[in-house]
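**Q** In the working numbering, the protein residues as written are 42 to 275.
Each residue gets a CB set at the ideal place from its N, CA and C atoms; glycine is no exception.
Given the structure is predicted, the values throughout are model-derived calculations rather than measurements.
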Amino acid sequence: MLSCFEDIIAIPCGTLLASATGVITKVMESEKKVSVVLVCGSGENFVVTEFKQNSANALQKYLSVGNVLKLQSVKAQRFNEKFDGQKFFQTPFPFEFVVTKHSKICLVKTEVLAAKEFTQLVAGRFYKIKCVLTTPFSLIGEMFAAVVGDLCGKRADLFISGEKLPEMFGQLDSKDQLELKRCFVKIEDECMQLNVLASDVNVCGCKVTIGDKLVTPVKRKSDEAILSPQSAKK
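(1) Applying the 10 Å Cβ sphere with the 16-neighbour rule, what's the burial state of Q101?
(2) With a cut-off of 8 Å, do at least 3 Cβ pairs link the segment 180 to 188 to the segment 152 to 171?
(3) Specify, as a first and last residue, the run of the alpha helix (DSSP H) that E47 falls within.
(4) Specify the secondary structure class of K254 as computed by DSSP and reduced to three states.
(5) Buried or exposed: where does G84 fall if 16 or more other Cβ atoms within 10 Å of its Cβ makes it buried?
(6) When you compare only the Cα positions, how much space is there between V139 and F178?
(7) Rounding to the nearest angstrom, what Cα-Cα distance links D264 and Q234 in this structure?
(8) Go through the segment 198 to 243 residue by residue and report every complete run of the beta strand (DSSP E) that reaches 3 residues or more, in order.
(9) Among V88, G126, L112, V78, which one has its Cα closest to the Cα of V106?
(10) Report yes if the C-beta distance between A164 and V226 is below 8 Å; otherwise report no.
(11) If you drop the 5 nearest sequence neighbours on each side, which residues of the same chain put their C-beta closer than 8 Å to that of V75?
(12) Looking only at C-alpha atoms, which of K205, G252, L58 sits nearest to T175?
(13) Would you mind working out which of N98, V88, L238 sits nearest E72, comparing C-alpha positions?
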């Protein structure tokens, strides 16, 4: 369903017929344009930009973090030499996708799998799962973040996006249990990351004791590709 690194890196700069599918993680809008950061199935960021004056505003109705977008007939435009787009957007790709009047963008329905422990999770997919806070939340950028564990002593980093985060989660502490109704899984080096919208988090209202020493369920060497659904099956 989601594009992987190999799919996107093979796209030549300059083509008007590029296509990709990813999950929105960030929206940046100005008077002249809107840029959306998406993550592909293997965990890398890619960017799509729409100039409001030169397009049909195809992105406007989909500007919600967590939406899965399928892009078709977009231009792969190399980043300007004066602007380090790769560094700014934290993407390995030397280009961004630009929406034209011929582009097609659609919202993709995603399957949410049920899981009971972190070892069942595969990068690039959505899951419903319960977890337990090991610390209070910290503010990182515009997100609430905390280390969480499952009942089997496995570890992950949890990132929550949305509005009214302090009101919803600011009073929570270690041992509070959360139910993530639709979280997206990424693997960053040796760390599992769970990304979820505030509206998709239920506070269970109970305390759960887990082990003090949590173990990362998935690891990779720093020179290996980020875990993808295909590599997880090997």
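**A** Short version:
(1) It is exposed - the Cβ of Q101 has fewer than 16 other Cβ atoms within 10 Å.
(2) Short answer: they don't touch.
(3) Start and end: 46 to 50.
(4) It is coil, neither helix nor strand.
(5) Burial call: buried.
(6) Roughly 36 Å between the two C-alpha positions.
(7) Note that D264 has pLDDT 37, beneath the 50 cutoff, so the model's placement of it is unreliable and the number below is only indicative. So the alpha carbons of these two residues sit roughly 19 Å apart.
(8) Taken in chain order, the unbroken stretches of beta strand (DSSP E) that lie wholly in the segment 198 to 243 and span 3 residues or more are 217 to 229, 232 to 238.
(9) Considering only alpha carbons, the answer is V78.
(10) Yes, the pair counts as a contact, with Cβ atoms nearer than the cut-off.
(11) Take V75, set aside five residues on each side of it, and the residues of its chain with a beta-carbon closer than 8 Å to its own are V68, M69, T90, E91, K93, L100, Q101, L104, in chain order.
(12) Distance check between T175 and each of K205, G252, L58 places G252 closest, using alpha-carbon atoms only.
(13) By alpha-carbon distance to E72, the top candidate from N98, V88, L238 is N98.
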